[in-house]
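Residue numbers for the sequence shown follow the numbering used here, beginning at 3 and rising by one.
Here's the structure we're looking at; comments come further down.
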Amino acid sequence: MKHMDIIEKMTVEEKAAFLSGKNEWQSRDIPHLGIPSIFCADGPHGVRKQAGEGDHLGLNPSLPATCFPTAATVANSWDEELGEELGRTLGAEAAALGVNVLLGPGLNMKRSPLCGRNFEYFSEDPYQAGKMAAAYIRGIQSRGVAACPKHFAVNSQELRRMAMNAVIDERTLREIYLTGFEIAVKEGGAKALMTSYNEINGTYANENEHLLKDILRGEWGFDGMVVTDWGGSNDHVRGVACRSNLEMPTPGLDSARQLLKALDEGRLTMEELDTCVDDLLDAVLTLTENSRDGAEAEEGKETKPEEKPDGETVGTADRKSGKSAAGFDAAAHNAIAWKAAAESIVLLKNVPDPEPLLPLKKSCSVALIGDFAIRPRYQGAGSSLVNPIMEIATMETMISSYPLVNAGCAAGYRRTGEADEALKKEALDLAQNADVVIYCFGLNEISESEGMDRSHMRIPQNQIELLEALVKVNSNIVGVLSGGSAVEMSWHHCCKSIVHGYLGGQAGAGAMLDVLTGKVNPSGRLAETYPVRYEDTPAFRFFPSTERNSEYRESLYIGYRYYDTARVRVQYPFGYGLSYTSFAYSGLTVSETGVTFCLENTGECDGAEVAQLYVGCWDGAVFRPEKELKGFKKVFLKQGEKKQVSIPFDDKTFRYWNVATNRWEREAGTYQILVGACVLDIRLSGSITRTGTTDRLPYEGLELPSYRTGFIQNVDREEYEKLLGYPLPSGKWMGELGLNDAVCQMYYAKSGLARLIYKVLTDKKNKNEAAGTPDLNLLFQYNIPFRAIAKMTGGMVSMEMAEGAVAVVNGHFFRGIGRIIAGFFRNLKANKQYEKKLGN
Ligand code: BGC
């Protein structure tokens, strides 16, 4: 152990208390031993440090910070250098705001386009997500701040996210859901990692020995700190036994007492406790040392942050000038946010009719239509919500600084979804009098948010109705989309050009105008597939699970792995995006170590291409997708320029997880080596023969027709059980509600009062949805399991009291109330005694 000298001086009470949060965002300090606390803050696309009262969903204001494009957006850049630059900038802001651990990036796999948090995640492909995440992490950590990739693992749905069990076969777990994290840990060198809320094969992620001990610490050699998601700890003792170091946010001393009791009863050893304390101590001491060093280096260089009496940094900013009192250069950071947004924009359609509409001609008159042109949708909702430091750029205010004839701007629709004939008429009148209509539309706020999944993939109908009316008065329509996840495009034919900006952050509007006018040549490529219809998606029948088990029956066939193998037509394939120039691929050489080929810019202007390497094994004995992404490179080429491009093979190029040997293996055979501009546009192909690493193949003697063909939408229970290797656990709720059931399951409650509370909450939730504004706190409460009430109330509620509440819900009113009251006093007394032992 690294810090035995300190650990030896700690009392057992101090050790136990150290492993959980002191408040919403900080770890506990132990001043007499010189142990400071560290500050965690959300930060996947901007630092969200709450200045006053902490509430982790961001309802209380956070200090102003740069709002960068979200991960789903930046993933489309396929640019690792950009990811690293963004990371450095995020890290610098975090350091300036006194944050030690930045809670991001998020890299869960986009199993279904309906996951409400897809806007926070990179991709449907683990390799792409892992590489982008690793780049962010390297950047963030270069500033002495720990990045905290999340949520480890298999966290694919928001509905009852804290009370859901992902049932998944080991190969899919390894190849799809863990590979991104593996890259983030091994190549990004992540110093912290956040566990997810859900169970994986019956065990909560935070106490999952297989995940945390065997794989994370054992196989990947992770030596940083593991932190629970907020309120995500189920059994602290089991978490600590698995080397999960910090239970957040505020379980109070009840949690520490559980550790002491487990030590007494022999369920936890002192060595396990010490090991956990040691990891956390190491993180705390290193990170606080880093921030001291950073502060000294900065001293005198920049404006010193204003200090509040309690020592907290105040991040006031002059929004007009972009000067931040927190000590970072907000204008420079805005420029990086702008660049990131511009490099991530995807040109989806640009029909030559006879000339493409984009880039817009200098003299053309443009009608700017759509509420998003006036009030952009630039970030998602939930714990990632940033309080932007600069005034949000809008297309309406910025258009005059571009060489276009501005015909005017009209909102056209209400973003909350209601029909509005007056707005529509105003937009139609405007459209008639312009050469080109730029129509800004997409997903509104209620469509995607942490805490809820989408119920369909459509853009609100009132926006589509307006588009269909607009095309009748002016057929020159450029559709400018906003939104953090894939949508259906039944309206596709109405637009001659379509540009997708995703959620572009505070500077997204300028970035979009740069692309529309040709100042920037679009170089974004989709990091997720756009299916034609939701019904076509692989997990269609099993997402989101409405009972406890979420069955990952589609196995490896997530995203393009399914569409490509089962030959399902899609709207836009993975890796797709157009450019104002064109690129030619030639001269592929496949060597033992990788591929080399020539890329040439054959069009009329400078631009960047994303060359993608896919690998297949078409006559292999082990089932697998048609092809899988194994490398990529973003290459900038001047007009007419040619470059030799190399993409190396790595440890992931030929591997698969063999469930028979329980190891990564390579199958003997011939592999197809495919280089192209997207998964469906392969320009060069070759092959290579590899020897195998074992003769013992998996699935021998098993009939797995769906998995062998990739037609996995209807896998029956029997075949799925063969893949799993064990019978499906029952996911049906039975008998009484338990500590791990969620509040939104109180429709099962025996107590009429509980059912009434459920009804009131549901009505409220539905009302908010109808009004177009998600109430994040309500969504959080709705999906929270009863046990988490004891984990988030700063010691006010003990587990015994939570058990009392469950008894009430189950109709044992007097017994339950008795436990709550007795528990309250017992907890109060025990807390006081414990505080005394801590010397408070
Ligand atoms: C989210 C995390 C976030 C944490 C703290 C949780 O609800 O799932 O991603 O970091 O809150 O805000």
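The beta carbon of each residue, even a glycine, is placed where N, CA and C say it ideally should be.
Considering only heavy atoms of the ligand MG, does any lie closer than 6 angstroms to the CB of D44? With respect to the ligand MG, the structure shown offers nothing to examine, as its ligands consist of the ligand BGC.
Host alpha helix (DSSP H) of N785 (start-end): For the purposes of this step, residue 785 is taken as residue 783 along the sequence shown, with counting starting at 1. Its alpha helix (DSSP H) spans residues 778 to 785.
Report yes if the C-beta distance between S457 and G384 is below 7 angstroms; otherwise report no. By 1-based counting over the sequence shown, the position of residue 457 is 455. By 1-based counting over the sequence shown, the position of residue 384 is 382. It is not a contact, given that the beta carbons lie outside the stated cut-off.
With a CB to CB cut of under 7 angstroms and the five nearest residues on each side skipped, what residues in its chain are close to L468? Looking up residue 468 in the sequence shown gives position 466. Answer for L468: G414, Y415, K426, A429, listed in chain order.
Pairing CB atoms from the stretch 633 to 640 with CB atoms from the stretch 605 to 620, are three or more of them under 8 angstroms? yes
Residue burial classification, D44 (beta-carbon count within 10 angstroms, cutoff 16): Position 42 of the sequence shown holds residue 44. With 16 or more other Cβ atoms within 10 Å, it is buried.
Using 6 angstroms as the cut-off, classify the Cβ of S385 as near or not near the heavy atoms of the ligand BGC, replying yes or no. As a first step, residue 385 must be located in the sequence shown, where it is residue number 383. Indeed, a heavy atom of the ligand BGC lies less than 6 angstroms from the Cβ.
Burial state of C69, where buried means 16 or more other Cβ atoms lie within 10 Å: In the sequence shown, residue 69 corresponds to position 67, counting from 1. Under this definition C69 is a buried residue.
Using DSSP with H/G/I as helix, E/B as strand and the rest coil, what is K152? Taking the sequence shown and counting its residues from 1, the one referred to as residue 152 is at position 150. Of the three classes helix, strand and coil, the one that applies to K152 here is strand, per DSSP.
Return the chain-ordered list of same chain residues with a C-beta closer than 7 angstroms to the C-beta of T604, the five sequence neighbours on each side being excluded. Position 602 of the sequence shown, counted from the start, is the residue given in the question as residue 604. Excluding residues within five positions, the ones whose Cβ falls inside 7 angstroms are S584, F585, A586.
With burial defined as no fewer than 16 other Cβ atoms inside 10 Å of the residue's Cβ, what is the status of A137: buried or exposed? Locating residue 137 in the sequence shown gives position 135, where the first residue counts as 1. Per the 10 Å Cβ criterion, buried.
With distances taken Cα to Cα, identify the nearest neighbour of W232 among T290, L261, M164, L706. As a working note, residue 232 is residue 230 in the sequence shown. Among T290, L261, M164, L706, the Cα nearest to that of W232 belongs to M164.
Sheet register partners of D748 (DSSP bridge): Along the sequence shown, read from residue 1 onward, the residue named residue 748 stands at position 746. Position check: residue 748 holds Met in this sequence, whereas Asp was assumed. Partner(s): none; M748 has no beta bridge.
Just to confirm the assignment, what range does the alpha helix (DSSP H) spanning A165 have? Counted from its first residue, the sequence shown places residue 165 at position 163. Bounds of any alpha helix (DSSP H) do not take in A165, whose DSSP letter is neither H nor E.
Going straight from the alpha carbon of R417 to that of Q508, what length do you get? Within the sequence shown, the letter at position 415 stands for residue 417. Within the sequence shown, the letter at position 506 stands for residue 508. R417 and Q508 have their alpha carbons spaced roughly 19 angstroms apart.
Contact check, D256 vs S800, beta carbons under 7 angstroms: Taking the first residue of the sequence shown as position 1, residue 256 is located at position 254. Taking the first residue of the sequence shown as position 1, residue 800 is located at position 798. Yes, Cβ-Cβ distance for D256 and S800 is below 7 angstroms.
Using DSSP bridges, identify the partner residues of Q28. The count along the sequence shown starts at 1 and reaches residue 28 at position 26. According to DSSP, Q28 bridges with F41.
Just how far apart, CA to CA, sit T305 and C150? Residue numbering aside, residue 305 sits at position 303 when the sequence shown is read from its first letter. Residue numbering aside, residue 150 sits at position 148 when the sequence shown is read from its first letter. At T305, the pLDDT of 40 sits below 50, so the modelled position is not reliable; the number obtained from the coordinates is stated separately. Going by the C-alpha atoms only, they are around 29 angstroms apart.
Between the CA atoms of V76 and S365 - distance to the nearest angstrom: Numbered from its first residue, the sequence shown carries residue 365 at position 363. Numbered from its first residue, the sequence shown carries residue 76 at position 74. Looking at the two C-alpha atoms, the distance is approximately 32 angstroms.
F544 and R555: beta carbons closer than 7 angstroms? Position 542 of the sequence shown, counted from the start, is the residue given in the question as residue 544. Position 553 of the sequence shown, counted from the start, is the residue given in the question as residue 555. Contact flag set, yes.
Would you say the beta carbon of D231 comes nearer than 6 angstroms to a heavy atom of the ligand BGC? Sequence index remark: in the sequence shown, residue 231 carries index 229 (1-based). True, at least one ligand heavy atom lies under 6 angstroms from that Cβ.
Exposed or buried, what is E308 when buried is set at 16 or more other beta-carbons lying within 10 Å of its beta-carbon? In the sequence shown, counting from the first residue as 1, residue 308 sits at position 306. A caution first: E308 carries a pLDDT of 39, below 50, which makes its placement in the model too unreliable to give a value.
Simplified DSSP assignment, three categories, for L88: Stepping through the sequence shown from its first residue, residue 88 is reached at position 86. If DSSP states are grouped into helix, strand and coil, L88 belongs with the helices.
Inter-residue CB distance, L845 and I142 (contact presumed, cutoff 8 angstroms): Any property of residue 845 remains undetermined from this structure, which presents the chain solely from 3 to 842.
Is DSSP giving F545 helix, strand or coil here? Here residue 545 refers to the residue found at position 543 of the sequence shown. It is coil, neither helix nor strand.
Under the DSSP definition of a beta bridge, which residues are partnered with G609? What you label residue 609 is simply residue 607 of the sequence shown in a count that begins at 1. For G609, the pairing in a beta bridge is given by DSSP as L639.
If we count the other Cβ atoms within 10 Å of its Cβ and call it buried at 16 or more, is E95 buried or exposed? Residue numbering aside, residue 95 sits at position 93 when the sequence shown is read from its first letter. Classification for E95: buried.
Pop quiz: E723 and P731 are said to be a contact at Cβ under 8 angstroms. What is the actual Cβ separation, rounded to whole angstroms? Within the sequence shown, the letter at position 721 stands for residue 723. Within the sequence shown, the letter at position 729 stands for residue 731. E723 to P731, Cβ: 11 angstroms. No contact.
Nearest residue (CA-CA) to W659, options L780, K11, P524, L558: As a first step, residue 659 must be located in the sequence shown, where it is residue number 657. Measuring from the Cα of W659, the nearest candidate turns out to be L558.
3-residue-minimum beta strand (DSSP E) runs that sit fully inside the stretch 624 to 671, ordered along the chain: 630 to 639, 644 to 650, 657 to 660, 665 to 668
What I want to know is whether the C-beta of L105 ends up closer than 6 angstroms to one or more non-hydrogen atoms of the ligand BGC. Taking the sequence shown and counting its residues from 1, one reaches residue 105 at position 103. Yes; taking the cut-off as 6 angstroms, the Cβ of L105 has a heavy atom of the ligand BGC nearer than that.
Pull the bridge partners of G618 from the DSSP assignment, please. In the sequence shown, the residue the question calls residue 618 occupies position 616. Partner(s): Q674.
Out of P115, D7, L92, F41, state which residue places its alpha-carbon closest to the alpha-carbon of E858. Because the chain in this structure spans residues 3 to 842, residue 858 falls outside the shown range and cannot be described.
Where E10 falls: helix, strand or coil (DSSP): Taking the sequence shown and counting its residues from 1, the one referred to as residue 10 is at position 8. In this structure, E10 counts as coil in the three-state DSSP scheme.
Mind checking C42: buried by the 16 CB within 10 Å criterion, or exposed? Working through the sequence shown from its first residue, we reach residue 42 at position 40. Under this definition C42 is a buried residue.
Roughly how many whole angstroms lie between the Cα atoms of T399 and H502? If you number the sequence shown from 1, residue 399 lands on position 397. If you number the sequence shown from 1, residue 502 lands on position 500. Their backbone Cα atoms lie some 20 angstroms apart in a straight line.
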